[in-house]
Every structure is written in structure tokens, then in C-alpha cells.
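Residues 1196 to 1843 (the numbering used here) are what the sequence shown spells out, left to right.
Beta carbons are placed, not taken as given, at the ideal position from N, Cα and C, and that holds for glycine.
The structure displayed is predicted, hence computed values, not measured ones.
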Amino acid sequence: MRQHADNPVHWREWTEDALAEAAERDVPILLSIGYAACHWCHVMAHESFEDDEVAAAMNNGFVCIKVDREERPDLDAVYMNATVALTGQGGWPMTCFLTPDGRPFFCGTYYPKAGFLELLAAVGDTWRSRRAEVEEASDHIAGELRARAAGLPGGGPAVEAGLCDAAASAVLADFDAVRGGFGGAPKFPPSALSEALLRHHERTGSAETLAAVERTCDAMARGGIYDQLGGGFARYSVDAAWVVPHFEKMLYDNALLLRLYAHWARRTGSALAVRVTAETAGFLIDALGDGGMFTSSLDADTDGVEGLTYVWTPAQLTEVLGPDDGAWAADVLGVTAEGTFEHGASVLQLLRDPDDVERFARVRAALAAARSERPQPGRDDKVVTAWNGLAITALAEASVALGRSDLLDAAVAGASRLVELHVVDGRLRRASLGGRVGESAGILEDHAMLATGLLTLYTVTGEPSWLRAASRLLDVAVEHFADPEVPGRWFDTADDAEKLMVRPSDPMDGATPSGASSMAEALQLAAHLTGSPTYLEAASETLASATPILAKAPRAGGHWLTVAEAAVRGPIQIAVACDPASSELLGAARRLAPGGAVVVGGPADSSELLAGRDRVRGADAAYVCRGQVCDLPVTTTAELAVALGVPV
């Protein structure tokens, strides 16, 4: 909304007053949905929304409503489903024409100025002269959307090892063994799928699964999708080889990838994984951090030009580094005379490991300093609860993987500020800006992802307040988002939220895990930390409801597979009776634990998992359980590694 504040279009927010105005004027609603870092949203804004002729047509014939999809994902979900149903595809900017009560009758995405003017005229004429057809079409579309919102069919297979193995095999069938990742161009970072496959490897020992994860993570980290100077990942690659990115950088992508690379680093000790984990954590804190919390994104464009900040020519390298270092850097970083991007410029890649590590560090520092003097992409300073939850989880896990307390401090600071600002009168809000919380209510993913972050902080810090705060969020979610008639089904909006044409309920994982799969993870973790049968039953029912996804469309269920792997394996619980401030055994437990394992440490009876469990003959003791089956306690790192089946 801030980006469009100076448009000659009379934009309204989505409110009852705006809908009432459309009814009073007897005109359709023109609903435009986008987000701050969206390249084609900027293009359509420059071509049409900043144009007086187009604005006049919009203002005269419609009530124009602008929505940020990141602040109102409930509206985005409803009208994206309509757009896909009507056109066969979706995307942003999304352009929908609605009746005054919100029923869509025509939807599309980006339109150039001439085509958009023709569309405005055609829709206006149809509304005035063929109203009965508009009403019939909007009724039909609304009915179809309500039918689709009925949820997944029941009767899926049981949650067991065979289901996970079959899902992993189906995913691997689409693996690009040459370039990493899945499918062709455009290629998106498969963060959830890769995390699930890494956990599958930990359960099964499958070399094929681990190889797929390592090939993908290695290719992304060396490709242009990764910022070789500043750290952090772009949204996606326009090609299948990760060379040319769509340059926007999203908090949610980088949080999910930080968690994945931290897990890879912890599991294998890969030097590349360790470096990328550290640099991506640094990107989150330095580039997206704001008052302890984390902002949403960096734009794809700089001064209206995509990639302007990031690309290089050989001459520019020489100008910054001199002829010798410039030629060496061009060879290492893939900068050619022909270029890999536009106008002879190249996106930086790591084509080979440098033969001189100190020289490489010096070159990177010099290029980064020179790049900082260039115009920089804009930042969307909106703080989204769910994505901050992902960042808190990732930073806490990265702190364990790298042994860095500063990353844990960043996670704690973010969680503290988020809970303080975004919980209002006991209910969670979706977003804030500049330290002021918005009015939009938190949705399912906000509750689930923040709860997981707080639970992760509890396992790493042992601070009970995080467990209490997470439990409050989960209790609210169970009360207001669970379907009382269908066990395991969740709505994405609360039962007391604004009533839309359809109450969204989408269990499929997309660019981020779905609210439902995220809730399954949070409930599963909370159940084993608290011993709550309510959480355990809800987690089991939620996971069981999604097995049709794992059986029929596993690439749309990466996070579901992650949760299912934990359920099949146990999940593993490691309780270490110790002084958590100084225990080497607790540190080893956190380092050696498989993905999704629950690790807590402290004196006897200090938590549910340490009830009745004490040190053994004066030594710190680790109690390892899988589900409801426990091993004898162990007192050394070597014994713990054997119990977990991992190398020391």
C-alpha cells in the first residue's frame, strides 16, 4: 500500500466500507493483489496504475481495492483459487473483478496498458448490459470454490515407514541428477523436500537420498541463486542450472534454507554447508533485521532495473580489483565477456573452489565493498509473524550447528519482541510495520510457525517461558482453527475472523509449508515436551488427514514428509540430566541429534522429559527414547553416538 500511495488510482483497503461503496455505486470491485518484492507488480504499477488515463478508467468504473498478499494471505488464497480455476494458472500481480459482495466473475494476472484498458472497458460494458450473465457466472464460481474447500478425501494410507519410503522414491524420480533440484526451469529451492529427504536418510541410511540432498545444496550454494558476496538466496532461478536468479530475496526462503543448510552442516560437517549457514544467518540478521525482528524481503529491482545491484562485467571486476585479481576473480566467479545475464553482465557463481582461500576472502571483501556503493534494492519492512517464526527456528538450530551463541541471541531477541508486539489481548496479529502492529488477525501458519520457533528456543535454552508461550498459541489454534467436525482438518482463518466467500483451508505445501503441516510439526514437538495427550492426539489426527498428499502428490507435501519421518522414527527424545550451562554431553546431544529430535537438558525433574531422571553416579546422563520406548542412560559422547547410530 505504501508503494501505491502516490498512484492516481483511488485505492481502498479491503474493508466493509469499500464493499458497501461498490454496492451503493452499483459498480464492480477491481481487486489487485501483489507484494512489495514482486517484479511484475512493479511493471504493472508503472505502466498502468501510475498512468492518468488508466487511473481515470479504473476510478470511474470500479471501486479499486489493493491488497498485500503477505498481510492478507486469506484473501489471497480465496482469489488465487478463483484465478487458477478460471485461467488454469495463477501468479502476481493478481487482477480480479468481483461483484460488490465479493464473488469473482473474471480473473487474470498481469496486463500491459493497452490490454488492461480494453479489459476495463469490456468488463464495464458486460456489467452494465449483461448483468444476469455476470450474476450467473459469479454464483457458479463461488459454488465451485466452496465445493473445493471441502477438504481432502478421507481414507488415506496409514502413517508408516512404507508410506514415507514410497513418497521419497516418488520425489527422487523427479530429481535432476546433473544440476540438482527437481524438475526444469524455472527452478525453486526445494527447501522442505530436501529437509524431508535428509531426515529420510537419517532414518534409512539411504545413500541415494543423501546424494540428492547434497547435490542440490551444493549446486544452489555455487549458483547465481546464492549471493556469493553477501550471503542469502534469491527467490528462484529462471533456468534449470541455478545460474540466473529472479533477484528478490524473501525472508521465508532464507529461513527455510538456513534450517536446511544448518542440518546438512551438522550431519556431514561439509565446509560449504558451514560457510553458507553462517553467511545466510548473517544475511537474515544484517540485511533483514529490524529492531530484533526480521523484515520481509529485498526487491528484485533496483531503480526499476532487475539485478542492477548484483551483476558484473570483466571490466568492472578489473576496475575494483586490478588486472591480476580481476582476471582471477572472473575465472572463479564465472564472469565472462559474453555474460550470463543481460547486456553482457554476469551473475556471480562459484565455478570452482579457489586455490587461494585468503585471496578469495580479500577479493570478496573488495567486491562487496564496491557493491555497497551501488544503488541498493528496496526493502519491504513489514514484519510477518509466520516468517519470523521460521527465522527463529532456523537461527536457533544454526546456533547449535555452528556453536555460535550470537545466533541464539538473535533468535531470542526476535522472539521476545515478536511476542511482545504481535500478541494483543491474548490473540496473535499477522504483521507489523515500524514497531506498530497491524489490525489483520494471525492465521494458522502464524500460530504454528511461531509456536515451533518458541518450542525450539525452549529446547536450546531450557527457558520454561518459551514453552508456556508456545502452549498458549497452540491452545488458541486448537480452539479457533481446528475443524470441530473433521478430526485433523484445520482452517487457515479463525472461526471468529472476517467471514469471506470461502473459509480458506489449504493443506498443500507451497513456497512455505502449509499452516496445517506446520501445525502438525508444532503439535508433535509440543506433545513430547509437555506430555500432553491433547497435543499428541491432535498431531496424530492432523498427520493422518494428509496422507493422501504423501501418497499421491508428495512433491506438494515436503513438510508433511518431514513430520511423517519424525512420527515413524519416534520422534527421538534425548533428555540430558546435567547443568545445561556447562554440560559437554548436552552439547554433543544437540550436535548429534537427527533432524526433528527433541533435545532438552537440565536438572532432574526440571521438565517433563527429565521427570524422575537424574545424573548417573555423579556423571551427566543422556536418556534416549523413540516414541514410548527408551534406552538405558548413557554418560559419554561415544555411548550417545552409538545409541543414536551416528558417527561421533
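Item                                                                                                                                                    : Value
Given a threshold of 16 other Cβ atoms within 10 Å of its Cβ, counted over all protein chains shown, does ASN1255 qualify as buried or as exposed?      : exposed
Of all the options ASP1815, ALA1746, ALA1806, which has the alpha carbon lying nearest to the alpha carbon of ALA1776?                                  : ASP1815
Between the segment 1487-1504 and the segment 1571-1591, are three or more C-beta pairs nearer than 8 Å?                                                : yes
PRO1679: buried (16+ other C-beta within 10 angstroms of its C-beta) or exposed?                                                                        : exposed
Grab me the residues of GLU1834's own chain with a C-beta within less than 6 Å of its C-beta, minus the 5 sequence neighbours each way, in chain order. : none
Could you tell me how far apart the beta carbons of ALA1643 and ALA1706 are, in whole angstroms, since I believe they sit closer than 8 Å?              : Their Cβ separation, rounded to whole angstroms, is 16 Å, which puts ALA1643 and ALA1706 out of contact at 8 Å.
Looking at the secondary structure, which residues open and close the alpha helix (DSSP H) in which THR1399 lies?                                       : 1386-1399
Could you work out which residue in TYR1447, LEU1516, TYR1818, TYR1421 is closest to VAL1471 when comparing CA atoms only?                              : TYR1421
One question on the structure: do SER1713 and THR1757 come within less than 8 Å of each other, judged by their Cβ atoms?                                : no
Per DSSP, which one or two residues make a beta bridge with MET1445?                                                                                    : SER1492
In terms of residue numbering, what span does the alpha helix (DSSP H) encompassing GLY1477 cover?                                                      : 1466-1482
If you draw a straight line from the alpha carbon of VAL1655 to that of ARG1785, how long is it in whole angstroms?                                     : 8 Å
So, is GLY1464 buried or exposed, given that buried needs 16 or more other C-beta atoms within 10 angstroms?                                            : exposed
In whole angstroms, what is the alpha-carbon distance linking ASP1269 and CYS1291?                                                                      : 15 Å
Would DSSP call ASP1548 helix, strand or coil?                                                                                                          : coil
When you compare only the Cα positions, how much space is there between GLY1286 and SER1802?                                                            : 46 Å
Thinking C-beta only, is TRP1235 closer than 8 Å to TYR1305?                                                                                            : yes
In chain order, what residues of the same chain lie with their CB nearer than 8 Å to the CB of VAL1618, ignoring the 5 residues before and after it?    : ARG1624
Does ALA1309 pass the burial test, meaning 16 or more other C-beta atoms within 10 Å, or should it be called exposed?                                   : exposed
Assuming contact is defined by CB atoms lying nearer than 8 Å, are ASP1576 and ASP1485 in contact in what I supplied?                                   : yes
Can you check DSSP and say which residues form a bridge with PRO1440?                                                                                   : SER1432
I believe ALA1608 touches GLY1487 by the beta-carbon criterion, under 8 Å. Please report the beta-carbon distance rounded to the nearest angstrom.      : 4 Å
Shortest alpha-carbon distance to VAL1238 belongs to which of MET1289, ALA1362, LEU1358, VAL1506?                                                       : MET1289
The beta strand (DSSP E) with PHE1292 in it runs from where to where?                                                                                   : 1289-1293
Under the assumption that ALA1540 contacts THR1508 (Cβ atoms under 8 Å), give the Cβ distance between them as a whole number of angstroms.              : 5 Å
If you check the beta carbons only, do ILE1224 and ARG1264 fall under 8 Å apart?                                                                        : no
Where do the N-terminal and C-terminal ends of the beta strand (DSSP E) with ILE1638 fall, by residue?                                                  : Neither: ILE1638 is in no beta strand (DSSP E) and is coded neither H nor E.
Taking buried to mean at least 16 other C-beta atoms within 10 Å of its own C-beta, is LYS1444 buried or exposed?                                       : buried
Considering Cα atoms alone, identify which of MET1703, THR1830, ALA1792 is closest to ASP1809.                                                          : THR1830
Suppose you measure from the CA of ALA1460 to the CA of PRO1828; what does that come to, to the nearest Å?                                              : 27 Å
From what residue to what residue does the alpha helix (DSSP H) around PHE1311 run?                                                                     : 1308-1324
Can you tell me the Cα-Cα spacing of PHE1686 and ASP1701, whole angstroms?                                                                              : 8 Å
From the DSSP secondary-structure annotation, give me the bridge partner or partners of GLU1501.                                                        : ASP1496
Between the beta-carbon of TYR1653 and the beta-carbon of LEU1645, is there less than 8 Å?                                                              : no
Suppose contacts are defined by Cβ-Cβ distances below 8 Å. Is ARG1430 in contact with ASP1448 by that definition?                                       : yes
PHE1257 and HIS1199 - do their beta-carbons sit closer together than 8 Å?                                                                               : no
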